[in-house]
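Q:
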Amino acid sequence: MEPLQIFKKVGAIITDTHVVYASGKHGNAYVNKDAVYPHTKDITSLCSMLAKEFAGAGVEIVAAPTIGGVILSQWVAHFLSELDKKEVLAVFAEEETSSSGDKKRFFKRGYDKLIPGKKVLVVEDILTTGGSAKKVVDAVKELGGTVLGCGVLVNRGGVKDSDVGAPIAALVNIKLEAWNESECPLCKKNVPVNTDVGKGREWLSKRK
Ligand SMILES: [Zn+2]
C-alpha cells in the first residue's frame with residue numbers, strides 16, 4: 001500500500017473535506033498524526049519504507065523527538081539494522097528549557113554519550129514548521145554527531161531542508177490550504193463543515 005493510502009485508511013490524513021482548524025481558519029484537509037500509532041502493522045510498514053530511503057548511507061544511530069518519534073526511531077533502526085546488516089541504535093531527545101530560557105531538545109539517560117562522532121538519521125512523524133526536528137538536529141550537532149538526513153512520514157507544511165538543517169526525505173508531501181473564514185471558498189459553495197475532526201462542531205454551534 002502507498003504511504004498516503006495508509007494514512008487515509010487509519011484516518012491520519014483526511015482530504016477533500018471542509019475543516020475548521022484550531023487556529024479558526026478553514027481548510028480542505030486534515031492531518032492527525034496520533035491516528036496512525038495504534039496501528040502497529042501500518043507503523044512498521046511506514047518505518048520500513050523510511051529505512052529503505054537511508055539504507056546504505058552509513059546510519060549508525062536513529063534519533064527522534066518524543067513522544068511519537070520514539071516509536072519511529074525504534075522501528076526505523078530495527079529495519080536499518082536488517083538492511084545494513086549491522087546494529088543501528090535508536091535514541092530520543094526530550095524537550096527542556098535550557099539555561100538561557102528557550103526550549104531545546106536534549107539527549108538524556110546516557111544517550112548523549114552515544115552521539116559524538118556518529119552518523120545520525122533524525123526521524124519525525126509530521127513536519128508542520130519543522131521546529132521539533134530542527135531541535136533534534138541541533139542537539140545531535142552540539143554533541144558532535146553528523147546528521148545524514150531527516151526522514152519524516154508527512155511533510156505538511158512545505159518544510160525545506162534549510163528549515164531543519166538536514167536533507168528531508170518525506171513519505172508523503174501534502175500542502176494544506178488554509179483560509180480566513182470570510183474568504184473560504186468551501187463556505188461560499190455551502191460545503192458542509194466536517195464535525196468529526198478539528199473545531200467544526202464548535203464552529204457550527206456558535207453560528208446557530
Ligand atoms: Zn469554510
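Per this note's numbering, the sequence shown starts with residue 1, numbered consecutively.
Where a beta carbon is used, it is the ideal one built from N, C-alpha and C, also for glycine.
1) Which residues in the same chain have their Cβ closer than 7 Å to the Cβ of THR128, if we skip the five residues on either side of it in sequence?
2) Short of 8 Å in beta carbon distance, which residues of its chain neighbour GLY210, apart from the five on each side in sequence? Order them along the chain.
3) Along the chain, where does the alpha helix (DSSP H) containing THR40 start, and where does it finish?
4) Can you tell me which of the three DSSP states GLU94 falls into?
5) If you run the structure through DSSP and keep just helix, strand and coil, what is ASP125?
6) Please go through the same chain and pick out, in chain order, the residues whose beta-carbon is closer than 7 Å to the beta-carbon of ALA90, but skip the five residues on each side of it.
7) Assuming contact is defined by CB atoms lying nearer than 8 Å, are LYS119 and GLY69 in contact in what I supplied?
8) Count the other C-beta atoms from every protein chain shown that fall within 10 angstroms of the C-beta of ASN28, then say buried if there are 16 or more, exposed otherwise.
9) Could you name the residues of the same chain whose beta carbon sits closer than 6 Å to that of PRO116, not counting the 5 residues immediately before and after it, in chain order?
10) May I ask whether a heavy atom of ligand 1 can be found less than 7 Å away from the beta carbon of CYS184?
A: So, to answer that:
1) ARG156 and GLY157
2) Outside the shown range of the chain, which is 1 to 208, sits residue 210, and nothing can be said about it.
3) 40 to 54 is the extent of the alpha helix (DSSP H) around THR40.
4) strand
5) Three-state DSSP puts ASP125 in a strand.
6) Cβ contact annotation for ALA90 (same chain, cutoff 7 Å, sequence separation greater than five): VAL62, SER73, GLN74 and ALA77, in chain order.
7) A distance of 8 Å or more separates the beta carbons of LYS119 and GLY69.
8) buried
9) Cβ neighbours of PRO116 beyond the five flanking positions: LEU143 and GLY144.
10) yes
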